[in-house]
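So the sequences go chain by chain: A and B. Going letter by letter, the first sequence gives residues 269 to 540 in our numbering. Going letter by letter, the second sequence gives residues 260 to 617 in our numbering. Here a beta-carbon is modelled for each residue, glycine too, at the ideal position from N, C-alpha and C. First comes the structure, then the notes that go with it.
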Amino acid sequence: MLDQAEGYTTADGRRIGPVVMEMKNITLRFGGVEAIKDISFDIREGEIRAIIGPNGAGKSSMLNVISGFYVPQEGQVFYQGQPRPPMKPFQVARQGIARTFQNIALFEGMSVLDNVMTGRLTHMQTGLFWQSMWKGKAEQEETANREVAEKIIDFLEIQAIRKTPVARLPYGLKKRVELARALAAEPSLLLLDEPMAGMNVEEKEDMSRFILDVNDEFGTTIALIEHDMGVVMDLSDRVVVMDYGKKIGDGTPDEVRNNQDVIDAYLGVAHD
Amino acid sequence: MFYREAGEFRTTYKEDSQTFPIRFDRWRYYFVLFVAICVIPFMVNDYWVNSIFLPFLIYAIAAIGLNILVGYCGQVSLGTGGFMAVGAYACYKLMTAFPDVSMFIHVILAGVITAGVGMLFGLPSLRIKGFYLAVATLAAQFFLVWLFNRVPWFYNYSASGQINAPERDTFGILITGPNTEAWATYLFCLIFTVVSAIIARNLTRGSVGRKWMAIRDMDIAAEIIGVNPLTAKLSAFAISSFFVGISGALFFSVYLGAVEVGEAFGINKSFLVLFMIIIGGLGSIFGSFAGAAFLVLLPVALKVVGVDWLGWPTDIVAHLQLVIVGALIIVFLIAEPHGIAQLWRVTKEKLRLWPFPH
Numbered sequence: 269m270l271d272q273a274e275g276y277t278t279a280d281g282r283r284i285g286p287v288v289m290e291m292k293n294i295t296l297r298f299g300g301v302e303a304i305k306d307i308s309f310d311i312r313e314g315e316i317r318a319i320i321g322p323n324g325a326g327k328s329s330m331l332n333v334i335s336g337f338y339v340p341q342e343g344q345v346f347y348q349g350q351p352r353p354p355m356k357p358f359q360v361a362r363q364g365i366a367r368t369f370q371n372i373a374l375f376e377g378m379s380v381l382d383n384v385m386t387g388r389l390t391h392m393q394t395g396l397f398w399q400s401m402w403k404g405k406a407e408q409e410e411t412a413n414r415e416v417a418e419k420i421i422d423f424l425e426i427q428a429i430r431k432t433p434v435a436r437l438p439y440g441l442k443k444r445v446e447l448a449r450a451l452a453a454e455p456s457l458l459l460l461d462e463p464m465a466g467m468n469v470e471e472k473e474d475m476s477r478f479i480l481d482v483n484d485e486f487g488t489t490i491a492l493i494e495h496d497m498g499v500v501m502d503l504s505d506r507v508v509v510m511d512y513g514k515k516i517g518d519g520t521p522d523e524v525r526n527n528q529d530v531i532d533a534y535l536g537v538a539h540d
Numbered sequence: 260m261f262y263r264e265a266g267e268f269r270t271t272y273k274e275d276s277q278t279f280p281i282r283f284d285r286w287r288y289y290f291v292l293f294v295a296i297c298v299i300p301f302m303v304n305d306y307w308v309n310s311i312f313l314p315f316l317i318y319a320i321a322a323i324g325l326n327i328l329v330g331y332c333g334q335v336s337l338g339t340g341g342f343m344a345v346g347a348y349a350c351y352k353l354m355t356a357f358p359d360v361s362m363f364i365h366v367i368l369a370g371v372i373t374a375g376v377g378m379l380f381g382l383p384s385l386r387i388k389g390f391y392l393a394v395a396t397l398a399a400q401f402f403l404v405w406l407f408n409r410v411p412w413f414y415n416y417s418a419s420g421q422i423n424a425p426e427r428d429t430f431g432i433l434i435t436g437p438n439t440e441a442w443a444t445y446l447f448c449l450i451f452t453v454v455s456a457i458i459a460r461n462l463t464r465g466s467v468g469r470k471w472m473a474i475r476d477m478d479i480a481a482e483i484i485g486v487n488p489l490t491a492k493l494s495a496f497a498i499s500s501f502f503v504g505i506s507g508a509l510f511f512s513v514y515l516g517a518v519e520v521g522e523a524f525g526i527n528k529s530f531l532v533l534f535m536i537i538i539g540g541l542g543s544i545f546g547s548f549a550g551a552a553f554l555v556l557l558p559v560a561l562k563v564v565g566v567d568w569l570g571w572p573t574d575i576v577a578h579l580q581l582v583i584v585g586a587l588i589i590v591f592l593i594a595e596p597h598g599i600a601q602l603w604r605v606t607k608e609k610l611r612l613w614p615f616p617h
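Below is the structure:
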């Protein structure tokens with residue numbers, strides 16, 4: 269079923285499209301350390317793709333390769349069918365790839381609204397001259413983008429803290445604001461680096477609901493890294509498992525769960 | 260009680276993003292503007308203009324410029340004096356080369372030239388940050404002062420090495436030179452200050468302002484959401500230098516009239532403007548005004564109190580001023596890093612609830 273190039277429909281009726289991003293034989297080295305060894309996988313349109321693995325497996329490095337922070341020494345990234353030349357992160361962002369960070373990377377000195385509005389920057393083109401006038405072009409653009417930002421704020425239920433400086437917010441809310449900022453860019457591919465790290469069960473449930481809603485309502489393709497196996501198995505359509513920089517499993521949650529290599533990597537294996 | 264927000268509802272995003280969303284603030288702003296334009300010009304004499312209004316207005320422009328760079332974009336600069344010198348010398352060369360052109364044009368062009376120079380010296384900011392960038396801009400400061408001292412072309416080969424502002428006018432009204440009217444120079448500077456403040460405010464509340472603040476708060480995250488650090492930092496340097504250049508041009512042509520570059524635009528000037536924005540408030544246009552007013556008024560107030568009322572010797576009062584400014588900077592850095600602007604914000608919050616804070 270997964271081999272169908274044009275996509276398929278999942279059990280719960282979501283449409284999974286063709287491949288949007290393909291990583292082909294990616295190898296990433298830091299000096300003598302091989303963080304990623306010859307990994308290939310793809311991400312299909314509209315799916316939730318999880319990358320899991322023990323600590324130090326190279327998951328975050330993989331995400332950094334996708335978002336342009338690291339340029340792999342070998343291999344090629346294909347985005348929407350085209351091989352992607354080495355790019356700066358801001359160029360990747362302009363292609364419609366947004367991400368969140370494992371350690372929150374919000375702009376602490378700005379309000380929640382301003383943070384979400386920074387997510388709209390790739391959509392705001394007014395020149396400096398018109399901005400210095402404000403009336404006219406700049407104001408129209410501001411209002412139009414504010415509407416989109418407010419839609420995201422409503423969607424993630426952070427209306428009440430709109431004008432609060434981010435530095436004053438608790439951890440769980442900061443995570444949500446960061447998701448809002450990434451969503452405000454209306455990305456075609458959303459990368460989430462441990463969206464539920466350090467959260468309690470209730471917050472995890474909220475965040476899972478938001479991720480599913482985002483995928484459902486906006487049709488956003490999502491690639492996420494997560495350590496909570498229960499969450500990963502429930503949320504994702506397909507899972508890549510990494511260990512020591514190598515890919516040891518790839519498939520639906522059920523396939524991965526029964527994969528002997530994956531069980532060995534997580535539970536350990538007897539050497540005798 | 261004094262400060263009412265209750266009953267004010269903003270129903271459009273346009274209303275919500277205006278500079279003074281609260282009606283009371285808005286009216287106060289119009290009132291201050293009205294007094295500044297329609298009342299003060301008819302009341303001022305030379306003493307008031309030369310010791311208070313001109314330095315306040317001119318330093319306010321410089322502080323706005325530096326605040327854009329340091330307060331909004333987070334790029335520390337110690338080159339303000341040097342960039343003011345660029346504005347002053349550019350204005351001087353333009354004034355002597357094109358005597359018939361209006362002073363407005365000269366001052367604006369001086370700003371544009373300074374913007375170019377600022378961008379050039381802003382290039383290292385793409386590689387270095389923090390203290391190291393501060394040292395790089397310090398190099399700009401010393402280099403520019405040296406350049407204007409050593410290359411005679413800049414001071415038109417005058418024997419003294421000074422530059423003197425010739426008499427120039429705009430719309431037939433004398434703006435520079437010894438025979439100017441107090442109200443004319445005041446209004447001329449006021450126009451530049453008000454327009455600079457409005458432009459700075461418009462830029463900082465819009466998308467370019469968010470780009471700068473994103474770079475300031477976390478440059479990696481800024482890049483990941485699509486901010487090009489090159490254009491963001493260089494635009495901050497350009498616009499900051501534009502305002503600083505305008506203030507330098509006004510400082511030389513309208514306020515001092517004659518300038519020796521090492522004295523007028525030395526490293527002390529860079530620090531003075533930096534102190535203004537630290538005391539006034541980093542990342543706030545109002546703070547630029549508050550800091551400029553504070554550091555311009557403090558010496559005047561001390562002189563009135565110390566010399567005129569208490570009869571202390573002048574040198575003691577002058578030294579006392581240095582002590583007070585130094586102490587204040589330490590106090591502000593520790594107690595209120597966001598300066599007078601933040602104190603004002605907190606006061607407003609309190610006044611909103613007074614006299615029933617709970």
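CB contact below 8 angstroms: residue i versus chain A
i, result
"Val486 of chain B", "yes"
"Arg269 of chain B", "no"
"Ala473 of chain B", "yes"
"Lys388 of chain B", "no"
"Asp476 of chain B", "yes"
"Met260 of chain B", "Here Met260 of chain B scores only 49 on pLDDT, less than 50, and its place in the model is too uncertain to base an answer on."
"Ser494 of chain B", "yes"
"Arg469 of chain B", "yes"
"Ile327 of chain B", "no"
Inter-residue spacing [alpha-carbon to alpha-carbon] between residue i and residue j
i, j, result
"Val345 of chain A", "Pro357 of chain A", "14 angstroms"
"Met269 of chain A", "Met497 of chain A", "Legend: pLDDT at Met269 of chain A = 41, less than 50; position of this residue unreliable, no value from coordinates given."
"Glu482 of chain B", "Gly275 of chain A", "33 angstroms"
"Gly299 of chain A", "Gln341 of chain A", "11 angstroms"
"Asp481 of chain A", "Gly324 of chain B", "45 angstroms"
"His391 of chain A", "Leu457 of chain A", "16 angstroms"
"Thr520 of chain A", "Thr277 of chain A", "14 angstroms"
"Pro300 of chain B", "Tyr445 of chain B", "7 angstroms"
"Ser547 of chain B", "Gly540 of chain B", "7 angstroms"
"Asn415 of chain B", "Leu406 of chain B", "13 angstroms"
"Ala347 of chain B", "Ser499 of chain B", "15 angstroms"
"Met260 of chain B", "Leu602 of chain B", "The predicted position of Met260 of chain B is uncertain, since its pLDDT is 49 and thus under 50; no value can be drawn from it."
"Gln421 of chain B", "Ile432 of chain B", "25 angstroms"
"Asp310 of chain A", "Phe375 of chain A", "32 angstroms"
"Asp544 of chain A", "Ile372 of chain A", "Any answer about residue 544 of chain A is impossible in this case: the structure gives chain A only from 269 up to 540."
"Ala487 of chain B", "Leu403 of chain B", "With the sequence shown as reference, residue 487 of chain B is identified as Asn, and Ala is not the correct amino acid for it. Straight-line Cα distance between these residues: approximately 29 angstroms."
"Gly436 of chain B", "Asp428 of chain B", "9 angstroms"
"Met302 of chain B", "Leu556 of chain B", "19 angstroms"
"Ser361 of chain B", "Phe430 of chain B", "7 angstroms"
Supposed close pair residue i, residue j - CB separation, criterion 8 angstroms
i, j, result
"Ala560 of chain B", "Ala369 of chain B", "Rounded, the Cβ-Cβ distance is 32 angstroms, inconsistent with contact."
"Ser529 of chain B", "Leu385 of chain B", "Actually they do not touch by this definition, with Cβ atoms about 22 angstroms apart."
"Ala551 of chain B", "Ala399 of chain B", "Between Ala399 of chain B and Ala551 of chain B the Cβ distance is about 22 angstroms, and since that is not below 8 angstroms, they are no contact."
"Val507 of chain A", "Ile516 of chain A", "Not quite, the Cβ-Cβ distance comes to about 11 angstroms (not below 8 angstroms), so this is no contact."
"Ile317 of chain B", "Ser455 of chain B", "With 8 angstroms as the limit, Ile317 of chain B and Ser455 of chain B do not qualify as a contact, their Cβ atoms being about 10 angstroms apart."
"Asn461 of chain B", "Ser400 of chain A", "5 angstroms"
The ligand GTP heavy atom lying under 7 angstroms from the CB of residue i
i, result
"Ala453 of chain A", "Among the components of this structure there are no ligands whatsoever, and the ligand GTP is therefore not found."
Any C-beta of chain B under 8 angstroms from that of residue i
i, result
"Ser329 of chain A", "no"
"Leu389 of chain A", "yes"
"Thr488 of chain A", "no"
"Arg414 of chain A", "yes"
"Asp382 of chain A", "yes"
"Thr432 of chain A", "no"
"Leu270 of chain A", "Only weak support exists for where Leu270 of chain A lies, its pLDDT of 47 falling under 50; the coordinates are left without a value."
Note down, one range per segment and in chain order, each beta strand (DSSP E) of at least 3 residues found wholly within the stretch 436-487 of chain A.
457-461
Hey, which unbroken runs of the alpha helix (DSSP H) at 4 residues or more fall wholly within the stretch 364-438 of chain A?
380-386, 396-401 and 405-423
Taking a cut of 8 angstroms between CB atoms, which residues from the stretch 273-301 of chain A lie near chain B?
none
Along the stretch 396-410 of chain A, where does the CB come closer than 8 angstroms to a CB of chain B? Name the residues.
Leu396, Gln399, Ser400, Met401, Trp402, Ala406, Glu407, Glu409 and Glu410
Could you tell me which uninterrupted alpha helix (DSSP H) segments, each at least 4 residues in length, are contained entirely in the stretch 414-470 of chain B, listed from first to last along the chain?
441-464
Starting from the N-terminal side, write out each stretch of the beta strand (DSSP E) that is 3 residues or longer and does not extend beyond the stretch 489-528 of chain A.
489-493, 506-511 and 514-519
What residues in the stretch 330-358 of chain A have a beta carbon less than 9 angstroms from any beta carbon of chain C?
The displayed structure is made up of protein chains A and B, and chain C is not among them.
Could you run through the stretch 584-597 of chain B and flag, in chain order, every residue whose CB is less than 8 angstroms away from some CB of chain A?
none
Which runs of the alpha helix (DSSP H) spanning at least 4 residues fall entirely within the stretch 308-354 of chain B, listed in chain order?
313-325
In chain order, what residues of the stretch 272-283 of chain B put their CB closer than 7 angstroms to some CB of chain A?
Tyr272, Lys273 and Ser276
Quick one: which unbroken beta strand (DSSP E) runs of 3-plus residues sit fully inside the stretch 537-577 of chain B? Chain order, please.
none
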